Structure formats: structure tokens, C-alpha cells
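Asker:
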Amino acid sequence: MPASGTGAQRLRPIDWVDGPEGYLRLLDQTRLPGEEHYLRIDNVDALIDAIRRLATRGAPALGVAGAFGVVLAAQRLPAGDVPAAIAKIRSARPTAVNLAVGTDLAARALADGGLDAALSAAKKLRDDDILACAAMARRGADEIYRAVASDIRADHRPTGTGPRPVKLMTICNTGALAAVERGTALGVLSEVLRDGRLAHAYACETRPLLQGARLTAWELQRMGAPYDLIVDSAAASTMRRGYVDAVLAGADRIAANGDTANKIGTFALALAARYAGIPFYIVAPETTVDLHTASGDDIDIEDRGSYEIVSLAGVAIAPEGTTALNPAFDVTPADLITAIITERRTIRTGIGQRPDA
Ligand code: MRU
């Protein structure tokens with residue numbers, strides 16, 4: 173497989189396979205980076221299991237999974253069982269709003285136009301997500317050049333030194349694996365790489381489930397990006413030492429006031445970025461903006477229990493009987509976010525602009 177910035181084979185971790193009884197094809201992310209194994213998901217229980225054990229994960233991908241889940245429910249279950257199955261898919265994980273958005277969208281289409289309409293709605297969501305990620309990648313890259321890699325002087329005249337390559341930090345996995353193609357924050361990073369302006373990427377390993385080490389490092393390597401993996405606790409000092417020009421993260425839910433839930437550790441990155449005086453961006457599609465949720469305080473944060481913290485790859489790393497607090501996400505207050513970049517807008521929450529304005 174080619175491993176260059178532009179030549180890496182396109183990744184499609186979630187897709188629908190048409191046929192008399194179509195099914196969902198999912199790349200099992202729990203097996204990465206060791207093995208590229210695709211799951212054939214042809215019933216609702218298998219889908220819910222895949223979502224709960226994070227075989228498929230990341231907010232945009234969850235939205236698409238939820239939409240195709242409605243199709244599976246309508247295809248395979250007696251009509252009377254479909255509403256309960258849809259409700260179960262919708263709530264399989266609580267924090268990423270996209271799961272509910274995708275499920276609701278296909279459920280409405282099913283109610284209005286039947287199975288074919290639900291399938292078309294799910295496919296449209298998949299295709300729209302690809303377009304949104306491409307638009308975010310471009311918008312985000314341009315924003316970074318404007319903010320941190322400027323070869324433009326304060327008086328708007330070029331310095332003549334040419335564009336400066338940028339050093340970017342990210343957390344969790346927000347790449348193609350978390351969407352349909354390319355991804356959100358990591359999509360921006362890949363665009364910077366394509367532009368020939370990525371000096372270096374720093375990926376936080378993202379304890380406890382190591383989405384950064386297992387998934388983001390795998391994607392960075394695949395795209396041929398220069399990168400280092402860092403332990404989460406090295407992020408603040410790496411910024412402070414001047415190794416980073418900007419931090420990019422995705423989002424699982426953006427409240428009406430701009431507060432944003434994302435993988436645990438994101439809030440700490442935003443605090444450190446503020447201290448280091450570097451911009452902190454959230455990159456997410458409009459489907460992640462939840463105007464029904466007033467602020468971050470209203471976001472339901474998934475707690476995934478002790479096991480993921482007290483063990484590593486199945487091996488105990490804490491004394492037997494140790495319990496752990498394991499919030500999978502945290503909330504970054506709007507005023508710590510330089511801007512939220514969607515496919516349509518750049519919302520400057522850091523200076524008080526709100527997503528509902
Ligand atoms: O628990 P996960 O792996 O589903 O968490 C994913 C994240 O927090 C991502 O950063 C977020 O969904 C944005 S994905 C483009």
C-alpha cells in the first residue's frame with residue numbers, strides 16, 4: 173500500500189453493501205493497528221454490539237451507522253419490533269449527538285416513504301459526510317495558514333520568506349476511521365500535508381483506549397505524515413516548549429453556546445494551548461452542532477466503567493479491587509476554543525460568537 177501524502181489508498185471504514193439483503197460493512201477498529209478486519213453487520217444486535225465495543229466509533233461514523241441501522245431494523249425485523257430497535261440504536265452511546273441525528277433522519281424517512289426512502293436517506297448522509305469532511309479540510313487548512321503560518325506581515329504585505337510549514341497536535345482519532353472518508357481534525361491535518369506545509373504532527377496516545385496510538389498513528393503513517401506519538405501528559409510541556417503551532421480536535425457534541433464535548437483530555441489541551449498562546453480549533457460537521465443542548469453542562473458524558481482503566485490489553489495494571497472513574501469525554505468551554513470549523517462556517521467562539529447566532 174502506498175504511504176504518501178496523496179497516494180495512500182482511500183479508506184472506507186463504514187459502508188453499505190447493496191444486495192437482496194444489503195448489509196453494513198465495518199472496519200473493526202478494535203483490531204487495529206494489527207489487523208484490517210471487516211465485519212459484516214446484518215442485524216441490529218450486531219450493530220449495537222459494534223457501537224458499544226467501539227468497533228465503529230467517532231461522531232460522524234456513528235451518525236452513518238445509526239442511519240443504516242434503521243435500514244437493518246426495517247429490513248430484518250417484524251414491523252412491530254422496529255420502533256424499539258431504532259430507540260436502542262439511537263441510545264447505544266450517549267455523548268455523540270450524530271448517532272441520534274443519523275438515526276432520527278433515517279427513521280423519519282422510513283415513516284414517510286418506507287424502506288427505500290430510509291436507505292436513500294442513509295446513503296445521502298454517508299455521501300454528505302464525505303463532502304463535509306472535504307470542505308472542513310480545506311477551510312481548516314486555510315484558517316491555520318491565516319492564523320499561524322502566515323507569510324503575511326501585519327500590514328498584509330508578504331514577507332517574502334514564503335509559507336512556513338506548521339506543527340500540529342491532535343487527540344483521539346478524528347480521521348477517516350471516525351467518519352466515512354478523511355475525517356474532521358485529522359482531515360485538516362491531511363490537507364496541510366497535501367499542501368506540503370506539514371512540518372510535524374503530534375498525536376496524543378489518548379488513554380485509556382489509545383485511539384491516538386492505535387488509530388491516529390496508523391492513519392498518519394498511512395498518509396506519510398511526519399509524526400510523533402506522545403503520552404497525554406506530555407502535551408502541555410510539548411506546547412510550552414514551542415513544538416506546536418496549533419491544536420486540532422474533533423467534537424462529539426457542540427452545545428448552543430459553543431461548549432464542546434470531545435474525548436477526555438481535550439479540555440486539558442485547550443487549557444495548555446491557552447497558556448502557551450497557540451490557537452485551539454474544533455473541527456466538526458454541522459451535524460454535531462446540537463442547538464437543543466444549551467451548554468456543556470447539559471451534555472451526557474459516557475462513563476465506560478473501571479475495566480478500561482485498571483487493565484491494559486486484558487492485563488491488570490492496578491491492584492485487584494481498584495475502581496476507576498472513566499469519563500470517556502470532557503467539555504471544553506467555548507471561550508477556550510479559538511474557532512469551531514464546520515463545512516459551512518468558522519465560528520469564533522473564543523471571541524464570543526455562538527453556533528446558534
Ligand atoms: O470514544 P470514541 O473513540 O468514539 O471518541 C471519539 C472522539 O472523541 C472523536 O474525537 C470525536 O468523535 C470526533 S470524530 C471526528
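Per the working numbering, the sequence shown starts with residue 173, numbered consecutively.
Ideal Cβ positions, reconstructed from N, Cα and C, are used throughout, including at glycine.
All figures in this text were calculated on a predicted structure; none of them were measured in a lab.
#1: Please find out if some non-hydrogen atom of the ligand MRU comes closer than 7 angstroms to the beta-carbon of R224.
#2: If we ignore side chains and look at the alpha-carbon of each, how far apart do G312 and E363 end up?
#3: If we ignore side chains and look at the alpha-carbon of each, how far apart do R318 and V455 end up?
#4: What's the C-alpha gap between Y453 and R520?
#5: What residue range is occupied by the uninterrupted beta strand (DSSP E) comprising T432?
#6: I302 lies in the alpha helix (DSSP H); which residues open and close that run?
#7: I want to check one thing, is the minimum distance from the CB of P232 to the heavy atoms of the ligand MRU below 7 angstroms?
#8: Could you give the distance in angstroms between the alpha-carbon of P527 and the alpha-carbon of R425?
#9: For a test of the three-state rule: what should DSSP assign to I223, helix, strand or coil?
#10: What are the complete beta strand (DSSP E) segments, minimum 3 residues, inside the region 189-263?
#11: Ends of the beta strand (DSSP E) at R425?
#12: Among T356, G396, A348, E377, whose alpha-carbon lies nearest the alpha-carbon of G368?
#13: How many angstroms separate the CA atom of Y374 from the CA atom of N345?
#14: I'd like the ranges of any beta strand (DSSP E) spanning at least 3 consecutive residues and lying wholly in the region 334-358.
#15: What three-state label does DSSP hand Y447 in the structure shown?
#16: Is there contact here, the region 342-356 with the region 180-195, by at least three beta-carbon pairs under 8 angstroms?
#17: Looking at the structure shown, is V487 part of a helix, part of a strand, or coil, going by DSSP?
#18: In three-state terms, what does DSSP make of R520?
#19: What would DSSP say about D404, mapped onto helix, strand or coil?
#20: Let me know the secondary structure DSSP gives I473 once reduced to three states.
#21: Taking contact to mean at least 3 C-beta pairs separated by less than 8 angstroms, is the region 286-303 in contact with the region 238-253?
#22: Return yes when the C-beta of F452 is under 7 angstroms from any heavy atom of the ligand MRU, and no when it is not.
#23: Quick one: using the 10 Å Cβ neighbour count with 16 as the cut-off for buried, is I220 buried or exposed?
#24: Thinking C-beta only, is A418 closer than 8 angstroms to I316?
#25: What residues match up with A418 in a beta bridge as DSSP calls it?
Answerer: This is what the structure holds:
#1: Working through the sequence shown from its first residue, we reach residue 224 at position 52. Result no, Cβ not under 7 angstroms from the ligand MRU.
#2: Within the sequence shown, residue 312 is the residue found at index 140, counting from 1. Within the sequence shown, residue 363 is the residue found at index 191, counting from 1. Approximately 9 angstroms, taken between the alpha carbons.
#3: Here residue 318 refers to the residue found at position 146 of the sequence shown. Here residue 455 refers to the residue found at position 283 of the sequence shown. Approximately 16 angstroms between the Cα atoms of the pair.
#4: Residue numbering aside, residue 453 sits at position 281 when the sequence shown is read from its first letter. Residue numbering aside, residue 520 sits at position 348 when the sequence shown is read from its first letter. Cα to Cα, the separation comes out at about 10 angstroms.
#5: Within the sequence shown, numbered from 1, the residue matching residue 432 stands at position 260. Looking at the DSSP string, the run of the beta strand (DSSP E) that includes T432 is 432-435.
#6: By 1-based counting over the sequence shown, the position of residue 302 is 130. Element bounds for I302: 269-319.
#7: The residue given as residue 232 occupies position 60 in the sequence shown. Within the cutoff, so yes.
#8: One-based indexing of the sequence shown puts residue 527 at position 355. One-based indexing of the sequence shown puts residue 425 at position 253. In a straight line, the C-alpha of P527 is about 12 angstroms away from that of R425.
#9: Position 51 of the sequence shown, counting from 1, holds the residue named residue 223. In the structure shown, I223 sits in a helix (DSSP, three-state: H, G or I).
#10: 195-199, 210-213
#11: The residue labelled residue 425 in the question sits at position 253 within the sequence shown. Here the beta strand (DSSP E) through R425 covers 425-427.
#12: Here the question's residue 368 lines up with position 196 in the sequence shown. Residue G396 is the option with its Cα nearest to G368.
#13: By one-based count along the sequence shown, residue 374 stands at place 202. By one-based count along the sequence shown, residue 345 stands at place 173. Cα to Cα, Y374 sits roughly 12 angstroms from N345.
#14: 338-342
#15: Within the sequence shown, residue 447 is the residue found at index 275, counting from 1. Three-state DSSP puts Y447 in a helix.
#16: yes
#17: Here the question's residue 487 lines up with position 315 in the sequence shown. Looking at V487 - three-state DSSP - the assignment turns out to be strand.
#18: Taking the first residue of the sequence shown as position 1, residue 520 is located at position 348. Note: R520 maps to coil in three-state DSSP.
#19: In the sequence shown, the residue the question calls residue 404 occupies position 232. In this structure, D404 counts as helix in the three-state DSSP scheme.
#20: As a working note, residue 473 is residue 301 in the sequence shown. Looking at I473 - three-state DSSP - the assignment turns out to be coil, as it is neither helix nor strand.
#21: yes
#22: As a position in the sequence shown, residue 452 is number 280, starting the count at 1. For the ligand MRU, not one heavy atom lies less than 7 angstroms from the Cβ of F452.
#23: Position 48 of the sequence shown, counted from the first residue, corresponds to residue 220. When all chains shown are included, I220 counts as buried.
#24: One-based indexing of the sequence shown puts residue 316 at position 144. One-based indexing of the sequence shown puts residue 418 at position 246. Yes, these two residues count as a Cβ contact at 8 angstroms.
#25: For the purposes of this step, residue 418 is taken as the residue at position 246 of the sequence shown. Paired residues: L340.
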